[in-house]
Amino acid sequence: MTLRAPRPFYLPSPSSPLLSSNPSLDSCLILTFRYIPSTNQYRQTMVTIGTFIFIGSYLIAKMISVSVVRTGSGNLIAIWFAFEAILLMSLRFLVEGEWRLSQTGLDGVAASIVGNICFCLGAFAAPFPYFRFPAYLGGRLWTTSVTWSLVISNPLMLFVGLRMDSAKKEPDLAWDAADFIMGLMLSTVAALIGLLLMVVHMNATHRKTFIEFLPLKVYIDELWDSRTSAPVGTGMSASRAHLLKFSRRYWPALSKLKVYLGDWDSWSAQRPQPEWFTQDFQQRVVSNADPSVLPRNLLKNLMSHTMFGGELQVDPDMHDDILEDMVRSSRVLSHVSMKDLSASFAIPVHLAARKFKAIEEHNASGASP
Numbered sequence: 004m005t006l007r008a009p010r011p012f013y014l015p016s017p018s019s020p021l022l023s024s025n026p027s028l029d030s031c032l033i034l035t036f037r038y039i040p041s042t043n044q045y046r047q048t049m050v051t052i053g054t055f056i057f058i059g060s061y062l063i064a065k066m067i068s069v070s071v072v073r074t075g076s077g078n079l080i081a082i083w084f085a086f087e088a089i090l091l092m093s094l095r096f097l098v099e100g101e102w103r104l105s106q107t108g109l110d111g112v113a114a115s116i117v118g119n120i121c122f123c124l125g126a127f128a129a130p131f132p133y134f135r136f137p138a139y140l141g142g143r144l145w146t147t148s149v150t151w152s153l154v155i156s157n158p159l160m161l162f163v164g165l166r167m168d169s170a171k172k173e174p175d176l177a178w179d180a181a182d183f184i185m186g187l188m189l190s191t192v193a194a195l196i197g198l199l200l201m202v203v204h205m206n207a208t209h210r211k212t213f214i215e216f217l218p219l220k221v222y223i224d225e226l227w228d229s230r231t232s233a234p235v236g237t238g239m240s241a242s243r244a245h246l247l248k249f250s251r252r253y254w255p256a257l258s259k260l261k262v263y264l265g266d267w268d269s270w271s272a273q274r275p276q277p278e279w280f281t282q283d284f285q286q287r288v289v290s291n292a293d294p295s296v297l298p299r300n301l302l303k304n305l306m307s308h309t310m311f312g313g314e315l316q317v318d319p320d321m322h323d324d325i326l327e328d329m330v331r332s333s334r335v336l337s338h339v340s341m342k343d344l345s346a347s348f349a350i351p352v353h354l355a356a357r358k359f360k361a362i363e364e365h366n367a368s369g370a371s372p
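The working numbering numbers the first residue of the sequence shown as 4 and each following residue consecutively.
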């Protein structure tokens, strides 16, 4: 397999040359994924000014159009926002192939719905470059949403709002229509000028991240095959362990995971163990990975500790499919009784019978099992 150089645009490693040499800029650079130059003070200033002009002018343009259409009809603005939110969320699903959030622990239904609403509000209200990260909107969808708002949505809202207000017997707008049109035009032009300043003076390597079509799953898959650095440890194994911090819905294909986790016994036997092979990493894999990718010894150890408080040893000849089904069931039925557990796991009857027979013999002899 030929390894490609990883794209450093979104998830730069600690050793990435795109990291700033100016510690005072680190927080800004992290939030914007280091598209701001780290060595040229003039270009830093111009990108910062451009970002400020772009965001500020965008907000003014949006406030003008929203205020006018809100004056025309409060119900209409609610329907308008709902339509745009559904449209953006649908496009995001088409791009990512997944609507849930990418952060482990926040990928539940409720949290993902709230997160998607926040993405929509952010894209419509203040589209910071932060939103172009693949897990959020992505570069192409970020640019599309900005273009939609400035070129289509805002003028259309202004037009509809002005028409509705002029149809009233007593218009509510204090300014003339020409004033609102001029204000929207000036703020839109200013936003485009600010965006142009950003693009011209940012790191050339990062320009494509504003228009690139790169779903998070595809990006993680690229990093899986190419990146060799990580926040903890070095090498491809450490990098892959770091990538598994994303929600399991964004993990690489099962075939790749199976090959990677095939070294589990080796990692566990090393002394000292790899610094990235932590309890958190192990628990994350055990709890989220499909059992079909887990090594056989790990499956056996899991079930030996799960079944009957560790008193039952798994039959060494048990088929892999049965072990995998047992692990799947243990995740769903972790709080059921022992008898229900044995019945639900579809394990060989002689295993459960052996355990219950031992309990009966202990009880008959007056000893505690």
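Where is the CB? At the ideal position from N, CA and C, for every residue including glycine.
Apart from the five residues on each side of it in sequence, which residues of its chain come closer than 7 Å, Cβ to Cβ, to residue i?
i    : result
L1   : Any question about residue 1 goes unanswered here, given that the chain covers just 4 to 372.
F57  : A194, G197, L198, M201
D268 : P298, N300
M49  : L200, H204
DSSP on residue i, reduced to helix/strand/coil?
i    : result
F131 : coil
S232 : strand
F1   : Past the boundaries of the shown model lies residue 1; the chain is included only from 4 to 372, so the question cannot be answered.
S156 : helix
T212 : helix
T281 : coil
Q273 : coil
T147 : helix
F348 : Confidence at F348 is low in this model, with a pLDDT of 38, below 50, so the placement of that residue is unreliable and no value is reported for it.
T237 : strand
L34  : Confidence in L34 is poor, its pLDDT being 35 and thus under 50, which makes the residue's placement too unreliable to answer from.
What number of angstroms, rounded off, separates the C-alpha of residue i from the C-alpha of residue j?
i    : j    : result
S24  : A129 : Reliability fails at S24, whose pLDDT of 37 lies under 50, so the model's placement of it is uncertain and the value that follows must be treated cautiously. Each residue's alpha carbon lies about 28 Å from the other.
V203 : L124 : 27 Å
A88  : T191 : 21 Å
R37  : Q44  : 14 Å
T51  : I39  : 8 Å
Y253 : S105 : 7 Å
P234 : R73  : 48 Å
S76  : V289 : 54 Å
G53  : L62  : 14 Å
A85  : M205 : 34 Å
T107 : T42  : 35 Å
L246 : I80  : 41 Å
S68  : S295 : 54 Å
D182 : A207 : 39 Å
A401 : F127 : Any property of residue 401 remains undetermined from this structure, which presents the chain solely from 4 to 372.
N304 : F284 : 17 Å
A257 : F213 : It is worth fixing the name first, because residue 257 is Leu in this sequence and not Ala. Spanning the two alpha carbons is a distance of roughly 31 Å.
A113 : I120 : 11 Å
D224 : K248 : 14 Å
M167 : N157 : 15 Å
Q47  : T281 : 39 Å
Y139 : K220 : 12 Å
R210 : P132 : 11 Å
L189 : G59  : 12 Å
K259 : W270 : 17 Å
F122 : E173 : 38 Å
A292 : E101 : 18 Å
L118 : I155 : As written in the sequence, residue 118 is Gly, which differs from the Leu given in the question. Whole-angstrom Cα-Cα distance: 25 Å.
M185 : G236 : 57 Å
Q273 : S232 : 20 Å
So is residue i buried or exposed if we call it buried at 16+ other beta carbons inside 10 Å?
i    : result
P255 : buried
E99  : buried
V71  : buried
W178 : exposed
F96  : exposed
L302 : buried
I82  : exposed
K171 : exposed
D175 : exposed
N78  : exposed
S169 : exposed
G265 : exposed
Starting from the C-beta of residue i, find all residues in its chain whose C-beta is less than 6 Å away, skip the five residues before and the five after it, and write them out in chain order.
i    : result
A180 : L165
S115 : R103, L104
W145 : F134, R135
D110 : R103, L104, S250
Y263 : R243
E215 : G142
Y222 : P137
K2   : Given that the chain is displayed from residue 4 to residue 372, the structure contains no residue 2 and the question cannot be resolved.
Report all residues from its chain with a CB closer than 8 Å to the CB of residue i; omit the five preceding and five following residues, and keep chain order.
i    : result
R287 : T107, L247, K248
L187 : A64, I67, S68, N157, P158, L161
F55  : G197
Query raised in the report: Touch check for the segment 217 to 228 and the segment 145 to 153: three-plus C-beta pairs under 8 Å?
Result: In short, these stretches do not touch, since the Cβ pair count stays below three.
Query raised in the report: Does the segment 90 to 101 come within contact of the segment 160 to 168, defined as at least 3 CB pairs closer than 8 Å?
Result: no
Requested in this report: May I ask you to verify whether the segment 236 to 245 touches the segment 267 to 284, counting CB pairs closer than 8 Å and requiring at least 3?
Outcome: yes
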